[in-house]
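For the sequence shown, my numbering begins at 1 and goes up steadily by one.
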Amino acid sequence: MSLILKHEQHKFEGDGFFSALSSLIPKVANFVSNNKSLISSEAQALGSVAKAGVNISEAVKRSNELKELQHIREMRNKRLKNKKGSGMNEDELAALETKLNDNSEIVAIKKQLLTLVDTTQLKNLKSLISKLDDKITNQKIDLNQLIDNIIPGISEDKLAALETKLNDNSEIVAIQQQLDNLVDTTQLQSLS
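Written out as structure tokens, the structure is:
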């Protein structure tokens, strides 16, 4: 391209500005038309890089969220161990910690739901699972708040109230009833 410009510059000095400019226009147009596929492939490559960047940033975001959740769980367990007072013995603390970390019921329900085939039902079930996860998360937050408020010499009544709240499965039962209404009995029997 620089040779063309030097040649045209020479023409510019001899023939005038307009003649040089008018001779350059067809050459530039010819260059662009000959290299359209190159320009197009570079644009596609840039688009692919942009899409990959979005996927990578989403993966990094998910990874960071997972690390945060693991950190929160570790901090919660440390707080539980630090909060035990003279009113709680090791066995009671271990039982509370086990119940707090137990997700087996959620995992079992999710596995059963994944075996369903009907996509319209899956959308409704996904919503129900989300509600179930939210309710369990709220229960865990309530439990953590109760544990944070435990002081040495806690009364048996407060400990019993804490265990009652933790063992309340009424919300899970209500969601399971909604699932029973949503899925026909033959599918439920195949899940069992």
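Glycine included, C-beta positions come from ideal geometry on N, C-alpha and C.
For residue 101, the uninterrupted alpha helix (DSSP H) run begins and ends at 90 to 101, by DSSP. Inclusion of residue 146 and residue 162 in the CB contact set at 8 Å is warranted, their separation being smaller than that value.
With a contact defined as Cβ atoms closer than 8 Å, residue 106 and residue 128 miss out at about 12 Å.
Taking a C-beta distance under 8 Å as the contact criterion, residue 165 and residue 142 qualify as a contact pair. Shown here, residue 149 sits in coil according to DSSP, grouped into three states, outside any helix or strand. Following the DSSP letters along the chain, one finds residue 157 inside the alpha helix (DSSP H) bounded by residues 156 to 167. Remark: C-beta atoms of residue 144 and residue 73 do not approach each other more closely than 8 Å. Looking at 176, 168 and 134, the one whose alpha-carbon comes closest to that of residue 108 is 176.
Around the CB of residue 96, 16 or more other CB atoms lie within 10 Å, so the residue is classed as buried. Residue 98 and residue 167 have their C-alpha atoms some 12 Å from each other.
Residue 140 sits close to residue 100, with the two beta carbons spaced by under 8 Å. When rounded, the separation of the alpha-carbon atoms in residue 137 and residue 130 is 10 Å.
A direct Cα-to-Cα measurement between residue 79 and residue 71 gives close to 12 Å. Taking the Cα of residue 169 as reference, the smallest distance to any Cα among 181, 110 and 135 is reached at 135. Here the C-alpha atom of residue 68 lies approximately 59 Å from the C-alpha atom of residue 27.
Cβ-Cβ distances below 7 Å link residue 173 to nothing in the same chain once the five nearest sequence neighbours on each side are left out.
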